[in-house]
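Q:
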Amino acid sequence: MRQTWRWFGPKDRVSIDDMMQAGVEGVVSALHHVPTGAVWTQDEIARRQAEIGRMKDGAPSGLAWEVVESLPVSEDIKKQTGGWRAHIDAWRTSLRHLNAAGIETICYNFMPVLDWTRTELAHRRPNGATCMRFDLTDFAAFDIHILQRPGAREDFAAAIVEDAGRRFAAMSDADRATLADNIVCGLPGAAESFTLDDIRDHLAGYAALGEARLRQNLVDFLTEVAPLAEELGMRLCCHPDDPPFPLLGLPRIMSTEADYRAILDAVDLPSNGVTLCSGSLGARPDNDLPALMERLGERVHFLHLRNVTRESGDISGSFFEDEHLAGGTDMVALIAAVIREERRREKAGRRDVSIPFRPDHGQEILDDFQRKAQPGYPAIGRLKGLAELRGILTALSHGREGLRT
Ligand code: DNO
């Protein structure tokens, strides 16, 4: 397993120097400043590679840009509207440019309108750490009372609708503004940031689309890009919906094993793969992460390792981002399943034996409170997660030659 770390570029308050001390082996990054739908030029890619390749004092870092997260897929591609064909051409051109730069693994997602969604960015834990949280009642308060989406009430259980009404009434204007900002302004890595009116326009655009059509649009997209990735020796990996259940009445199509199976089978090429995010998928009680890894492993090209604690047994429910080894996913069993997959790959003579993973998110602890990195991406909280995951990996691969590549 390859120990990688997400870097948002020069504006990231966690530097290349910092991640070297964290013992990182490779970097996950994206050209966040390039608008969605535009080509990633060779110059821009080379500039990011150079930034990753050196420390603050100019000395070589020895680190390389190994995974792209994300090459964003435009709303037009998802809906097959407007300039979608030109956007697919641009995506293909970006793939060629990334390939020429030696980058092989490309993560993307197909979530309509909103990328990952949380209601609270700094939820206090009993030990004083803070974490991100999704509260279904707060989300309902946003949907019903702030966004005022027609039909929103019908999407929640009656008890949640009632609680949401009470909670909304008790919120100050500032609380309401913070809640709306947390949901619509775009969390780190999201391709776009929206106003409430933008969201309303986008929702109207999806009104007639539905789940089957969105799934078909993903298949159509992959039919255009996966054969090219295959030809170039690249790996595409779709990130799951986060959270893995419908929000704002929008269709969600990458939330379960069956969702992944349908897409992997529809475009049955090794280049069409999975970003197994244990935190996103783990927010649903019916997703068993070690079993998912066992069954989808052959096509898992990238891993996000983190853990959530679900606060209810429902499919749609509240959860918070727990420590990497706490929460609902058995991380030891998951890593054991990854190691088994790597052994199978080794036996089969595959080139991509070592699967890149990153310690996904982290709680804010210690000096993280002063540094104020992007929500979910603190230096020390992630370093703690990485160190714990590395410990499991080292213990499980101890004495087995060739596994820690
Ligand atoms: C959140 C991330 C997501 C992810 C995209 C991938 O921390 O996991 O923003 O990068 O959904 O396309």
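For the sequence shown, the working numbering assigns the number 11 to the initial residue and increments by one for each residue that follows.
Heads up, the beta-carbon is just placed ideally off N, CA and C, and yes, glycines get one too.
Rounded to whole angstroms, what is the Cα-Cα separation between leucine 258 and threonine 127?
A: Taking the first residue of the sequence shown as position 1, residue 258 is located at position 248. Taking the first residue of the sequence shown as position 1, residue 127 is located at position 117. Looking at the two C-alpha atoms, the distance is approximately 11 Å.
Q: Roughly how many whole angstroms lie between the Cα atoms of glutamate 221 and glutamine 31?
A: For this step, residue 221 is matched to residue 211 along the sequence shown. For this step, residue 31 is matched to residue 21 along the sequence shown. Approximately 45 Å between the Cα atoms of the pair.
Q: With 8 Å set as the bound, which would you pick, yes or no: does the beta-carbon of alanine 179 sit closer than that to a beta-carbon of chain B?
A: The structure shown has no chain B; it contains just one protein chain.
Q: For glutamine 158, name the three-state secondary structure that DSSP assigns.
A: For the purposes of this step, residue 158 is taken as residue 148 along the sequence shown, with counting starting at 1. The answer is coil: DSSP assigns glutamine 158 none of H, G, I, E or B.
Q: Where arginine 95 and alanine 69 are concerned, what is the direct C-alpha to C-alpha distance, given to the nearest angstrom?
A: To locate residue 95, count along the sequence shown from 1; it is residue 85. To locate residue 69, count along the sequence shown from 1; it is residue 59. The alpha-carbon atoms of arginine 95 and alanine 69 are separated by roughly 43 Å.
Q: By DSSP, does phenylalanine 379 sit in helix, in strand, or in coil?
A: Residue 379 sits at position 369 when you count from the first residue of the sequence shown. Phenylalanine 379 falls in the helix class under three-state DSSP.
Q: Taking 8 Å as the threshold (C-beta atoms), are valine 24 and alanine 276 in contact?
A: For the purposes of this step, residue 276 is taken as residue 266 along the sequence shown, with counting starting at 1. For the purposes of this step, residue 24 is taken as residue 14 along the sequence shown, with counting starting at 1. No, these two residues do not count as a Cβ contact at 8 Å.
Q: Determine the closest residue to valine 123 out of Ser203, Ala139 and Glu164, with distance taken between C-alpha atoms.
A: Sequence index remark: in the sequence shown, residue 123 carries index 113 (1-based). Considering only alpha carbons, the answer is Ser203.
Q: Return the chain-ordered list of same chain residues with a C-beta closer than 6 Å to the C-beta of valine 194, the five sequence neighbours on each side being excluded.
A: Taking the first residue of the sequence shown as position 1, residue 194 is located at position 184. The beta carbon of valine 194 is closer than 6 Å to those of Phe204 and Ile209 in its chain, skipping five residues each way along the sequence.
Q: Under a Cβ-count criterion, where at least 16 other Cβ atoms within 10 Å of its own Cβ denotes burial, should histidine 43 be classed as buried or exposed?
A: Here residue 43 is taken as the residue at index 33 of the sequence shown, counted from 1. When all chains shown are included, histidine 43 counts as exposed.
Q: Could you tell me which uninterrupted beta strand (DSSP E) segments, each at least 3 residues in length, are contained entirely in the region 117-198, listed from first to last along the chain?
A: DSSP assignment within the region 117-198 yields the following whole beta strand (DSSP E) runs of 3 residues or more, N-terminal first: 130-134 and 140-144.
Q: Does DSSP put phenylalanine 231 in a helix, a strand or coil?
A: For the purposes of this step, residue 231 is identified with residue 221 of the sequence shown, where counting begins at 1. Phenylalanine 231: helix per DSSP, three-state reduction.
Q: Between the Cα of alanine 60 and those of Gly33, Arg163, Val37 and Ile273, spot the shortest distance and give me the residue it belongs to.
A: Along the sequence shown, read from residue 1 onward, the residue named residue 60 stands at position 50. With distances taken between Cα atoms, alanine 60 lies closest to Val37.
Q: Quickly, what does DSSP pair threonine 285 with across the bridge? List them, please.
A: As a working note, residue 285 is residue 275 in the sequence shown. Partner(s): Phe312.
Q: Pop quiz: arginine 245 and serine 281 are said to be a contact at Cβ under 8 Å. What is the actual Cβ separation, rounded to whole angstroms?
A: By 1-based counting over the sequence shown, the position of residue 245 is 235. By 1-based counting over the sequence shown, the position of residue 281 is 271. Correct: roughly 6 Å between the Cβ atoms.
Q: Could you check what DSSP says for leucine 403 in three-state terms: helix, strand or coil?
A: Locating residue 403 in the sequence shown gives position 393, where the first residue counts as 1. Correct three-state label for leucine 403: helix.
Q: Since leucine 279 and proline 237 should fall inside the 8 Å C-beta cutoff, what is the C-beta to C-beta distance between them, to a whole number of angstroms?
A: Numbered from its first residue, the sequence shown carries residue 279 at position 269. Numbered from its first residue, the sequence shown carries residue 237 at position 227. With a Cβ gap of about 7 Å, leucine 279 and proline 237 count as contacting.
Q: Ends of the beta strand (DSSP E) at glycine 36?
A: Residue mapping note: residue 36 aligns to position 26 of the sequence shown, counting from 1. 36-39 is the extent of the beta strand (DSSP E) around glycine 36.
Q: Could you have a look at arginine 262 and say whether DSSP puts it in helix, strand or coil?
A: Here residue 262 is taken as the residue at index 252 of the sequence shown, counted from 1. Coil at arginine 262, not helix or strand.
Q: Decide if the region 150-159 is in contact with the region 328-340; the criterion is three or more beta carbon pairs, one per stretch, under 8 Å apart.
A: no
Q: Alpha carbons only, please: which of Ala389, Gly199 and Pro20 is nearest the one belonging to glycine 63?
A: Start at 1 with the first residue of the sequence shown, and residue 63 comes out as number 53. Checked all of Ala389, Gly199 and Pro20; the closest Cα to glycine 63 is Pro20.
Q: For aspartate 363, which of Ala268, Gly307, Gly395 and Arg102 has the nearest alpha-carbon?
A: Taking the sequence shown and counting its residues from 1, the one referred to as residue 363 is at position 353. Inspection of the sequence shows that residue 363 is occupied by valine rather than by aspartate. Per the Cα distances, Gly307.
Q: Give me the residue from Pro366, Arg354 and Leu335 with the minimum Cα distance to isoleucine 402.
A: Taking the first residue of the sequence shown as 1, we reach residue 402 at position 392. Answer by Cα proximity: Leu335.
Q: Are there 16 or more other CB atoms within 10 angstroms of the CB of serine 182, so buried, or fewer, so exposed?
A: Position 172 of the sequence shown, counted from the first residue, corresponds to residue 182. Counting Cβ neighbours within 10 Å, serine 182 comes out exposed, since fewer than 16 surround it.
Q: Check whether the region 303-319 and the region 350-370 touch, using three or more Cβ-Cβ pairs below 8 Å as the test.
A: yes
Q: Please say whether threonine 51 and serine 84 have beta carbons closer to each other than 8 Å?
A: The sequence position of residue 84 within the sequence shown is 74, counting from 1. The sequence position of residue 51 within the sequence shown is 41, counting from 1. Not closer than 8 Å, so no.
Q: Pull the bridge partners of glutamine 13 from the DSSP assignment, please.
A: Within the sequence shown, residue 13 is the residue found at index 3, counting from 1. Answer by DSSP bridge pairing, in chain order: Phe367.
Q: Rounded to whole angstroms, how far is the Cβ of valine 229 from the Cβ of arginine 102, which I believe are closer than 8 Å?
A: One-based indexing of the sequence shown puts residue 229 at position 219. One-based indexing of the sequence shown puts residue 102 at position 92. The pair is not a contact, with the Cβ atoms about 16 Å apart (cut-off 8 Å).
Q: Kindly list the residues whose CB is nearer than 7 Å to the CB of serine 265, restricted to its own chain and excluding five residues on each side of it in sequence; keep chain order.
A: Your numbering for residue 265 matches position 255 in the sequence shown. Counting only Cβ-Cβ distances below 7 Å, and skipping sequence neighbours, we find Pro250, Asp251, Pro254, Phe255 and Arg294.
Q: According to DSSP, simplified to helix, strand and coil, what is arginine 414?
A: Here the question's residue 414 lines up with position 404 in the sequence shown. Its pLDDT being 49, under 50, arginine 414 is placed unreliably in this model, and the value from its coordinates should be taken loosely. If DSSP states are grouped into helix, strand and coil, arginine 414 belongs with coil.
Q: Roughly how far, in whole angstroms, is the beta-carbon of threonine 115 from the beta-carbon of glutamate 54, given that I think they are within contact range, below 8 Å?
A: In the sequence shown, residue 115 corresponds to position 105, counting from 1. In the sequence shown, residue 54 corresponds to position 44, counting from 1. Contact doesn't hold; Cβ gap of about 18 Å is too wide.
Q: Please name the residue in Ile325, Thr285, Val78 and Glu240 whose C-alpha comes closest to that of leucine 108.
A: Here residue 108 refers to the residue found at position 98 of the sequence shown. Nearest of Ile325, Thr285, Val78 and Glu240 to leucine 108, Cα basis: Val78.
Q: Classify arginine 64 as helix, strand or coil using the three-state DSSP reduction.
A: Along the sequence shown, one-based indexing puts residue 64 at 54. If DSSP states are grouped into helix, strand and coil, arginine 64 belongs with the strands.
Q: With burial defined as no fewer than 16 other Cβ atoms inside 10 Å of the residue's Cβ, what is the status of glutamate 164: buried or exposed?
A: Position 154 of the sequence shown, counted from the start, is the residue given in the question as residue 164. Classification of glutamate 164: exposed, given that the 10 Å Cβ count is below 16.
Q: Using DSSP's beta-bridge definition, name the partner residues of aspartate 332.
A: Position 322 of the sequence shown, counted from the start, is the residue given in the question as residue 332. Answer is Asn317.
Q: Just curious, the alpha helix (DSSP H) that arginine 354 is in, first and last residue?
A: Within the sequence shown, numbered from 1, the residue matching residue 354 stands at position 344. Residues 341-358.
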